[in-house]
Every structure is written in structure tokens, then in C-alpha cells.
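A short worksheet on the structure shown next.
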């Protein structure tokens with residue numbers, strides 16, 4: 001009897017264990033697709049100088065203002081001080097569990113968590129915190145900090161952090177320094193990586209009740225710098241934490257090379273440029289090739305004290321263009337948006353403003369295999385689009401679609417007539433030289449701009465639209481006003497982007513940009529107000545894809561739907577990144593596929 005009981009207990013235990021998600025061995029890195037490129041014994045990323053000298057200071061300059069140091073709350077979301085969690089200047093104060101390798105499409109390596117166990121089906125992941133990980137006040141990073149982070153983000157945080165627990169069936173502490181996330185049916189194959197990239201907060205340093213209030217009091221994080229000085233709206237100074245826990249781990253070797261980082265704020269781009277010429281700002285990144293050539297005509301550049309350099313990238317260009325607020329009735333029709341999209345005269349702008357150095361932006365993943373351009377829809381794509389017949393025009397389906405090419409005169413009658421005919425077919429009429437909508441009301445709109453460069457681009461568009469009777473006004477606002485209007489979706493048209501940056505591994509961030517759930521969520525990045533079941537289905541397919549072929553098909557479908565929806569009037573791009581910088585700076589020889597990374601630069605020794 002005793003043997004039978006032992007056998008039964010063992011059998012029940014075996015069954016119980018088999019019902020638990022199967023975890024792999026702890027790994028130093030995880031990848032969205034395939035395996036990470038670097039082995040477990042790697043010593044540093046290949047685009048850094050692991051022996052870069054430490055020391056000195058740098059001043060970055062930005063346009064705008066700030067009134068908050070907490071980047072995780074909705075209030076003052078777009079006026080939070082730069083550098084706290086920053087894709088350009090670096091995550092100086094807050095860090096995630098794992099760090100992205102910028103020379104791979106989407107692979108993560110250990111940071112606060114030195115290893116992770118992810119089951120093959122990605123239904124769960126367990127993170128093991130690095131025993132060395134500490135907050136800037138010297139206290140250890142613990143599993144309780146991870147639990148607190150998700151608790152406070154869920155109740156008080158801003159999108160997308162506030163929604164991440166909705167994909168988690170169970171979050172449990174499996175040890176003092178380990179936590180396991182078990183996912184529900186709302187999760188997808190990218191979810192474990194998104195969890196790994198979520199910044200972690202110290203439980204002892206934040207009050208949950210007041211978390212959603214703005215603060216200018218220096219906050220505690222685990223990052224390489226601490227906030228040393230705050231001049232609200234003008235300047236924030238970060239100083240290196242000499243006791244930074246991660247300075248010698250592989251993901252941080254060659255990074256964070258300055259003793260002090262200052263971020264200065266300016267009211268406009270002209271003031272920022274003059275500060276760069278005077279040596280106050282270390283770097284200038286003007287995107288206008290004609291303007292920057294003119295602006296570089298100053299003594300320090302001619303003496304060699306300022307260097308201009310271009311950097312090649314391997315990622316699709318960020319899509320910049322006139323973005324329609326489709327929540328408004330006047331922009332609710334994709335047919336009307338299509339006609340308006342035909343009237344940006346790229347050829348004139350490229351010749352007269354950009355010296356012919358730009359290319360027309362036509363796809364959201366241009367210059368990559370993810371783009372719909374030049375790629376006829378395959379059977380996978382056709383199956384994804386089958387429930388939504390007619391949503392994608394034939395020329396977009398077969399990859400041959402291109403925007404109209406004007407003659408560069410600024411008044412190409414063929415293009416004007418083609419756009420007018422589309423509007424006429426939609427019930428629009430021209431009365432006394434003014435365009436009227438189907439209800440007989442004058443049709444026009446306002447474009448918001450935030451700089452002189454944007455004003456010039458808006459004026460080009462305004463001039464062309466006026467030729468068919470569309471009345472466009474241009475309103476220039478300062479950075480704070482623009483950000484506030486974006487947060488409330490209080491605009492008709494603005495010059496926006498498809499996101500902060502593009503990548504070869506688009507994922508959950510696309511849901512925030514184009515998904516229906518984000519269309520009316522205050523503070524979301526779905527500025528256009530896109531709410532389309534077909535796009536939602538493409539996003540789901542992209543996130544659930546198990547093979548590279550299925551993934552590429554899903555992204556191409558998304559590209560075809562975005563092109564067909566005419567949510568933006570894409571303008572132009574240059575495939576290279578450009579920087580001017582003072583010669584006391586140096587950077588690594590290799591540039592990763594995502595482009596230059598300022599946190600890997602250093603200051604020359606005197």
C-alpha cells in the first residue's frame with residue numbers, strides 16, 4: 001500500500017509539473033526571431049569602443065521646455081525632461097531588465113536581469129536579477145521592485161506601460177531576485193521581449209498614491225547617472241554615479257563615457273543653432289541638407305574645430321509627412337485623403353529646398369524586405385486580406401503603386417486635375433474659386449508647425465492646395481503648445497512622423513501607433529486616429545508570426561493598408577544620418593544598423 005501511495009504521489013507531481021509552462025535553461029539573451037548573434041561569453045557589443053576613456057562633460061541641446069522628471073505618467077508626458085529614459089541621449093536614470101543590441105533586428109541581452117528563462121511557446125518567462133544590480137542610493141534591486149513597477153504602472157502609469165499587465169495572467173516572485181511572468185491569451189510572441197524592455201522602478205523611492213503627479217524632485221533609478229541640477233524649462237544636469245553597479249557588465253562596456261551630461265533647452269531651432277556655433281552645444285543634427293550647408297559657414301567649421309559627418313544605417317527611414325486627424329469628419333474619407341496626398345509637390349521641394357539630395361518616401365518600411373513596394377502580394381498576404389475585400393487597390397497589391405510624379409514646376413496641371421477629379425467624384429465642387437464639400441461648406445484646414453523648416457514645407461503644400469481652391473492656414477506654435485495639442489488630439493493636420501524611429505523588427509509599438517485601441521486613448525501615439533479592423537488583424541498576425549515568412553507577409557500587409565488608407569502625406573527622406581559635432585568628441589569606428597549611438601561616444605583627453 002505504501003508503495004502504491006508513493007507511486008500515486010509521484011504520478012500526480014509529474015502531471016502537475018507537465019501542466020506548468022516548460023522553461024528552457026537560463027540564457028544571457030533572447031531574440032524575437034531565431035537566436036541572438038552574440039554568445040554567452042561575449043564581452044561587449046561590436047559597435048562600441050570597450051576601452052573608451054571616461055571623463056569630461058558634454059552638453060546636448062533641444063528645442064522645447066520641461067516641467068517633469070517622471071517619464072512614466074500621462075500628465076506632462078510630452079514635456080518630461082530628456083535623458084531620464086531616452087532613445088537618443090541614453091537611459092541615464094532608469095533601466096529595463098534587458099538591453100537591446102542595436103546591431104541586430106531585435107535581440108536583448110542581460111542588464112538588470114543577467115539571465116532569463118523563456119518557455120518555447122513563450123507563454124511564460126522568468127527573469128533572474130543580477131546580484132550586483134543596485135539603485136543609485138545603494139539599495140539592491142529586488143523582485144519586489146519589479147512587482148511594484150507593474151502595480152504602479154497599471155494603476156497610475158501612462159500608455160503603453162499601463163496596459164502591460166493586461167497581457168499577464170500571473171506575476172509571481174520566485175525568489176528574492178527572480179520573477180516569473182505567465183501570459184494570458186492577450187499576449188503574443190513579442191510580449192516577453194516587451195516585458196524585458198520595461199523600465200524598473202525602486203519600490204522604496206516612489207509613493208504609489210502620488211505617482212501620477214508631476215515632480216521636479218530628483219528621482220532614484222538604477223542607471224549610470226543621477227540628476228544633479230534642475231532648472232525647470234531651461235536645463236537638466238546629470239552626473240555620473242561613481243558607484244554605478246553595471247559599469248563593467250558586457251551590455252554597458254563602452255557606454256556612458258562622460259562624467260557630466262547637460263541638456264539645454266531653447267525656444268526655437270535658430271537659438272539652438274547659434275548656441276551650437278558658440279560651442280555651447282556639442283552636436284547639431286539638422287535634417288535639411290541645404291540649410292545645414294549654409295549654417296556651417298562659420299569660423300569654427302572652417303578651422304576644423306567642427307566636423308560634419310554622415311552615417312549609414314540599415315533600417316527603413318522614419319516616415320515624416322502631413323498627418324491627418326481622421327477623427328474629424330472632414331478627414332474621415334480615405335478617398336478625400338488620397339486626393340490630398342497627391343498634392344504635395346515633392347519634385348519642386350527637392351529641387352528648390354533640398355538641392356536634389358532627398359528621395360520620395362512612399363512606404364512605411366522603404367528600402368527593406370518589409371516594404372510593399374516592388375513586392376507583389378503572396379498567398380500569405382492575400383489570405384490575411386481576404387476578409388477585407390477591396391481595402392487595398394490593385395496597384396498597391398501588386399507592388400507597382402507610386403505617388404504621382406510632378407514636373408517640378410510647382411503647378412503641374414495633370415496632377416492637379418487628377419486630384420480634383422477624385423474630389424469631384426466624391427461630391428466636392430468648386431464655387432467661385434473655392435472648394436466646397438458635399439454639404440456645400442467651404443473645405444479647408446489648418447496645419448500646425450513647430451519650426452521654420454516645418455513652416456516652409458507647409459507653405460509648399462498650402463500653395464499647391466490653393467490652386468484647386470482648398471484654403472489652408474498655417475499656425476506656428478512653440479514646443480509645449482504642440483505637445484499639448486498632440487496629447488489631446490486637438491489639431492486638424494500637423495507635420496508628424498510614423499514613430500520615433502523605424503526598425504527591421506516592427507512590433508508592439510505599431511499597435512500604439514495604428515491600433516484601434518489607441519485611437520482615442522489620451523496621450524497615445526496614434527495621432528491619426530486610425531481605427532481599422534483590417535489593420536488590427538495585420539498587427540495581430542505580425543505579433544503572432546512564428547516564421548520569418550509569416551512575419552514579413554504580415555508587415556507587408558500592414559504597409560499596404562497604411563499606404564491605401566492615406567493617413568499621412570509622406571514627404572521625403574535621406575538614407576544617411578548627418579551630424580555636425582565639435583572636434584573634442586570621438587565615436588567608435590563601427591556604426592550599428594540602427595545608426596549612430598551617442599551614448600557610445602566619448603570626449604578626447606586634453
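Numbering (the UniProt record's numbering), first residue to last: 1 to 606.
Using N, Cα and C, we set each Cβ at its ideal position, and we do this for glycine too.
When DSSP labels each residue in this structure, what does residue i get in the three-state scheme?
i, result
"residue 371", "coil"
"residue 85", "coil"
"residue 562", "helix"
"residue 342", "coil"
"residue 585", "strand"
"residue 350", "helix"
"residue 479", "helix"
"residue 118", "strand"
"residue 446", "strand"
"residue 167", "helix"
"residue 39", "coil"
"residue 597", "coil"
"residue 276", "helix"
"residue 365", "coil"
"residue 295", "helix"
"residue 488", "helix"
"residue 551", "helix"
"residue 602", "strand"
CA-CA distance, residue i and residue j?
i, j, result
"residue 362", "residue 553", "18 Å"
"residue 277", "residue 456", "23 Å"
"residue 349", "residue 460", "7 Å"
"residue 435", "residue 443", "6 Å"
"residue 124", "residue 186", "13 Å"
"residue 418", "residue 438", "18 Å"
"residue 566", "residue 386", "20 Å"
"residue 400", "residue 144", "54 Å"
"residue 22", "residue 30", "Residue placement at residue 22 cannot be trusted, given a pLDDT of 47 that sits under 50; the coordinates are not used to answer."
"residue 135", "residue 240", "13 Å"
"residue 227", "residue 242", "13 Å"
"residue 261", "residue 60", "8 Å"
"residue 293", "residue 360", "21 Å"
Return yes when at least one heavy atom of the ligand SAH lies under 6 Å from the C-beta of residue i, else no.
i, result
"residue 595", "Among the components of this structure there are no ligands whatsoever, and the ligand SAH is therefore not found."
Which residues mark the beginning and the end of the beta strand (DSSP E) in which residue i is found?
i, result
"residue 570", "568-570"
"residue 33", "That residue, residue 33, is in no beta strand (DSSP E); it is neither H nor E in DSSP."
"residue 308", "306-312"
"residue 109", "107-110"
"residue 264", "260-266"
"residue 60", "57-63"
Could you tell me the boundaries of the alpha helix (DSSP H) in which residue i lies?
i, result
"residue 145", "143-156"
"residue 578", "Counting along the chain, residue 578 falls outside any alpha helix (DSSP H), though it belongs to the beta strand (DSSP E) covering 576-582."
"residue 542", "533-544"
"residue 399", "Neither: residue 399 is in no alpha helix (DSSP H) and is coded neither H nor E."
"residue 302", "299-302"
"residue 194", "191-196"
"residue 423", "413-425"
Any idea if residue i is buried or exposed, counting beta-carbon neighbours within 10 angstroms, 16 or more meaning buried?
i, result
"residue 114", "buried"
"residue 149", "buried"
"residue 383", "exposed"
"residue 392", "buried"
"residue 454", "buried"
"residue 431", "exposed"
"residue 204", "exposed"
"residue 390", "exposed"
"residue 560", "buried"
"residue 297", "exposed"
"residue 253", "buried"
"residue 482", "buried"
"residue 81", "buried"
"residue 335", "exposed"
So the candidates are the options; which of them puts its Cα closest to the Cα of residue i?
i, options, result
"residue 154", "116, 198, 138", "198"
"residue 190", "582, 590, 505", "505"
"residue 557", "481, 396, 271, 119", "396"
"residue 404", "353, 129, 372, 339", "339"
"residue 208", "288, 583, 70, 234", "70"
"residue 569", "447, 503, 541, 235", "447"
"residue 85", "201, 248, 495", "201"
"residue 513", "503, 502, 526", "526"
"residue 236", "247, 245, 219", "219"
"residue 78", "584, 575, 536, 479", "479"
"residue 317", "171, 194, 576", "576"
"residue 214", "232, 224, 221", "232"
"residue 174", "312, 372, 128", "128"
Spell out whether any CB of chain D is found under 7 Å from the CB atom of residue i.
i, result
"residue 444", "The structure shown has no chain D; it contains just one protein chain."
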